[in-house]
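Chemist: First the structure, which I've put down as structure tokens, then a few questions once you've had a look.
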Amino acid sequence: EKKARLAQDSTTKGLATCRVLLAELEAHQDAWPFLTPVNHKAVPGYRKVIKKPMDFSTIREKLITNQYSNWETFIVDVNLIFENCERFNEDDSEIGRAGHSMRIFFDKRWAELLM
Ligand SMILES: Cc1nnc(-c2cnn(C)c2N)n1CCCn1ccnc1
Numbered sequence: 012e013k014k015a016r017l018a019q020d021s022t023t024k025g026l027a028t029c030r031v032l033l034a035e036l037e038a039h040q041d042a043w044p045f046l047t048p049v050n051h052k053a054v055p056g057y058r059k060v061i062k063k064p065m066d067f068s069t070i071r072e073k074l075i076t077n078q079y080s081n082w083e084t085f086i087v088d089v090n091l092i093f094e095n096c097e098r099f100n101e102d103d104s105e106i107g108r109a110g111h112s113m114r115i116f117f118d119k120r121w122a123e124l125l126m
């Protein structure tokens, strides 16, 4: 009973921390490419190349509708944003640089908040 309650608490606390972390990501000055889903109709090749699109608004919706079982599943989706960005964009491009900057910020912050 106690163990189950502890696990539940840690999940609730973990997911509350994810909301804080997501708000910081969305507020970051380099977040602009990742705020909403890539418009694959306007971006030739995106739908073919990127099998699992992800963006901050989709993550927010999933958080609000309880689709993350714990903070690990949240981290997987955030990292998907950065992996997609690196796959589709040159490192030496506006969006590529924004992706690297956001990944560095995220790696630091989740370690501080969740580890
Ligand atoms: C995220 C992301 N990764 N690639 C793109 C993108 C969109 N168009 N092109 C030519 C890309 N390489 N995006 C979305 C960037 C969304 N955006 C662009 C300008 N303001 C927002």
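Residue numbers (our numbering): 12 to 126. Yeah, the Cβ is synthetic: ideal placement off N, Cα and C, and Gly gets one too.
Distance check for L26 and L125, CA to CA, integer angstroms please.
Modeler: For L125 and L26, the distance between alpha carbons rounds to 10 Å.
Chemist: Using a threshold of 7 Å, is the CB atom of V89 nearer than that to any non-hydrogen atom of ligand 1?
Modeler: No, since every heavy atom of ligand 1 falls outside the 7 Å radius drawn around the Cβ of V89.
Chemist: Quick one: does the C-beta of V60 sit closer than 7 Å to a heavy atom of ligand 1?
Modeler: V60 Cβ: outside cutoff for every heavy atom of ligand 1.
Chemist: Which runs of the alpha helix (DSSP H) fall wholly inside the segment 47-84 and span at least 4 residues, in chain order?
Modeler: Fully enclosed alpha helix (DSSP H) runs of 4 or longer: 57-60 and 67-75.
Chemist: Measure the Cβ-Cβ separation of F93 and R114 and say whether it is below 8 Å.
Modeler: In this structure, R114 lies closer than 8 Å to F93 by Cβ.
Chemist: When you compare the CB positions of L100 and I61, do they come within less than 8 Å of one another, or not?
Modeler: Before going further, note that residue 100 is Asn rather than Leu in the sequence given. No, these two residues do not count as a Cβ contact at 8 Å.
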